[in-house]
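Chains as they are written, first to last, in this note's numbering: chain E, 1 to 186; chain F, 187 to 378. Think of the CB as a built atom: it goes at the ideal place given N, C-alpha and C, for glycine as much as any other residue.
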Amino acid sequence: MKNKDRLLPLFLTFLKIGAFTFGGGYAMIPLIQKEVTENHKWLSDEDILNIVAIAESTPGPIAINSATFVGYMTCGVLGSVLATLGVVLPAFLVISLISLLLQNVMDIQAVQYAFMGIRAGVLALVVKALISMYKQCPKNLVAYVIAGIAFAVSLLTDISILYVIITCAVLGLITSLIMQKKEAAK
Amino acid sequence: MTEVSLLTLFFTFFKIGLFTFGGGYAMLPFIRQEVMLNNWIDEAAFVNMVGISESSPGPFAINIATFIGMEKGGWLGAAVSTLGVVLPSFLVILIVAQFYLKFKESRIVSGLMSGLKPAAVGLIAAAVISMVWEVLFPADFSWSVFAGAQIYVSLVIAGLGLFLLLKLKKHPILIICISAVLGIAAGYLFGL
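Listed below in structure tokens is the structure:
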């Protein structure tokens, strides 16, 4: 296997990235880039650009997609396993411990008050998430119609979000193919 | 609250991992629906988990999957939920890595994404509205809520949080810490 000596550094690098980034995938990308292209010189900047583009258009968390991809390009399937494990492990351990701790203190009045405040604070965080998703979204009539359908169906009905996602993907594909045909005809 | 088997946890998170595009936040509405419709945990507990997941290290999707898994099935539950949410990403990337330059240029992929991106925005907007409603009216809507202090406390904290996040660009961890302190202070002050 090529680059076998990179396996341990790869795992440790992603362990570090997983342990010290808050806020998920997009917060990790600059860190991944610095570690992988500048510090270790495993991949080029162009590789990273490709990886991020693919990570955004494949299912699942951006952080996991990027870690798997970087691991694979650096040292094959085993590399992808170790990089993914590295990025997941800190999150898994920290949340498990917090969860166990909370189960023991949830009855305390002050903790309940704290969570009453936290729930209100979360509203601010999810509104910000919505704004940043909106910024990345194409802004044309088709996109607004699709967003509107997804919004209305999921707010007003119990239809599974799975079907909403599949329908919107197909709508997007059909409209973009029609538009490409029109462009080509001009 | 319903009991959940390890297999159900795994497949639920596998499905969520396989069908959400656009990262962890895009999963929020899907996870929320699965958890709420199947009565796994109540909405307040779910919002608590979102708060902690946002202020802990690591990808949001992993944090929330681990959290729900731990709550419903202990360490094993946490492990299978996390594995479920990670596995689709992992497998899809290994496949796509074989022909990623073609994938990147593909009109089919960009066409699908032109539907998936706005879908994620619409779904998250609906989830945000439901969460705002739940936090402001925890025991369903009633006019008497406006006579109490809690709704105003929540509005002030959420408003302050938005100001700190959007205007002063402060970190989510700070928002969660300040919210907790204000929650404790207001709780004792108004005897909520």
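Kindly list, in the order they appear in chain F, the residues whose Cβ is closer than 7 Å to that of residue i.
| i | result |
| --- | --- |
| P90 (chain E) | P243 and G244 |
| N50 (chain E) | Y286 and K290 |
| I161 (chain E) | P215, F216, Q219 and L309 |
Verify whether the separation of the beta carbon atoms of residue i and residue j is less than 8 Å.
| i | j | result |
| --- | --- | --- |
| I152 (chain F) | F69 (chain E) | Residue 152 (chain F) lies beyond the range of chain F shown here (187 to 378); nothing can be said about it. |
| A110 (chain E) | I370 (chain F) | yes |
| L378 (chain F) | A312 (chain F) | no |
| Q136 (chain E) | K290 (chain F) | no |
| V233 (chain F) | M299 (chain F) | no |
| S241 (chain F) | I359 (chain F) | yes |
| G255 (chain F) | L195 (chain F) | yes |
| G18 (chain E) | L89 (chain E) | yes |
| F332 (chain F) | I95 (chain E) | no |
| L351 (chain F) | K128 (chain E) | yes |
| L173 (chain E) | G270 (chain F) | no |
| F205 (chain F) | I165 (chain E) | yes |
Counting only Cβ pairs nearer than 9 Å, list the residues of chain F close to residue i.
| i | result |
| --- | --- |
| V127 (chain E) | V314, V318, A344, G347, L348, L351 and L352 |
| F22 (chain E) | E240, S241, S242, P243, G244, H357, P358 and I359 |
| D158 (chain E) | Q219 and L223 |
For residue i, which of helix, strand or coil comes out of DSSP?
| i | result |
| --- | --- |
| F323 (chain F) | coil |
| G172 (chain E) | helix |
| G308 (chain F) | helix |
| G244 (chain F) | strand |
| P59 (chain E) | strand |
Run down chain E in chain order and give the residues with a C-beta less than 7 Å from the C-beta of residue i.
| i | result |
| --- | --- |
| V233 (chain F) | R119 and V122 |
| Y338 (chain F) | Here the premise fails: no neighbours, minimum Cβ distance about 10 Å. |
Considering only C-alpha positions, which residue in the set the options is nearest to residue i?
| i | options | result |
| --- | --- | --- |
| L97 (chain E) | F:L204, F:G260, F:V342 and F:T188 | F:G260 |
| I238 (chain F) | F:V367, F:C363 and F:F376 | F:C363 |
| E229 (chain F) | F:M187, F:F200 and F:I202 | F:M187 |
| K139 (chain E) | F:G308, F:W329 and F:I315 | F:G308 |
| I51 (chain E) | E:Y72, E:N39 and E:E38 | E:Y72 |
| D158 (chain E) | F:V221, F:L204 and F:L348 | F:V221 |
| I217 (chain F) | F:K353, F:F376, F:V314 and F:Y374 | F:V314 |
| V145 (chain E) | E:C168, E:P9 and E:L78 | E:C168 |
| S154 (chain E) | F:F200, F:A305 and F:N224 | F:A305 |
| E46 (chain E) | F:W226, F:W329 and F:Y286 | F:Y286 |
| Y338 (chain F) | F:P243, F:L354 and F:V321 | F:V321 |
| G203 (chain F) | E:G76, E:L10, E:I161 and E:L130 | E:I161 |
| L8 (chain E) | E:V164, E:T84 and E:S66 | E:T84 |
| F115 (chain E) | F:G373, F:S328 and F:L223 | F:G373 |
For residue i, go through chain E and note every residue whose CB falls closer than 9 Å to its CB, in chain order.
| i | result |
| --- | --- |
| Y374 (chain F) | Q109, A110 and Y113 |
| S328 (chain F) | Correct list: empty, because the minimum Cβ distance to chain E is about 18 Å. |
| E257 (chain F) | S99 and Q103 |
Applying a beta-carbon distance threshold of less than 8 Å, which residues of chain F neighbour residue i?
| i | result |
| --- | --- |
| A147 (chain E) | P304, A305, V307, G308 and A311 |
| Q136 (chain E) | G208 and K303 |
| A53 (chain E) | K290 |
| G79 (chain E) | Neighbours of G79 (chain E) on chain F: none; closest Cβ ~11 Å, over 8 Å. |
Could you name the residues of chain E that residue i contacts, counting a contact when the two beta carbons are closer than 8 Å?
| i | result |
| --- | --- |
| W261 (chain F) | S96 |
Check whether the stretch 121-128 of chain E touches the stretch 268-278 of chain F, taking contact to mean three or more Cβ pairs, one atom from each stretch, closer than 8 Å.
Segment contact: the stretch 121-128 of chain E against the stretch 268-278 of chain F, fewer than three CB-CB distances shorter than 8 Å; contact not assigned.
The stretch 60-76 of chain E in contact with the stretch 205-216 of chain F per 3-pair CB rule at 8 Å:
yes
Within the chosen definition, does the stretch 260-274 of chain F reach the stretch 34-53 of chain E through at least 3 CB pairs nearer than 8 Å?
With the cut-off at 8 Å, the stretch 260-274 of chain F and the stretch 34-53 of chain E do not touch.
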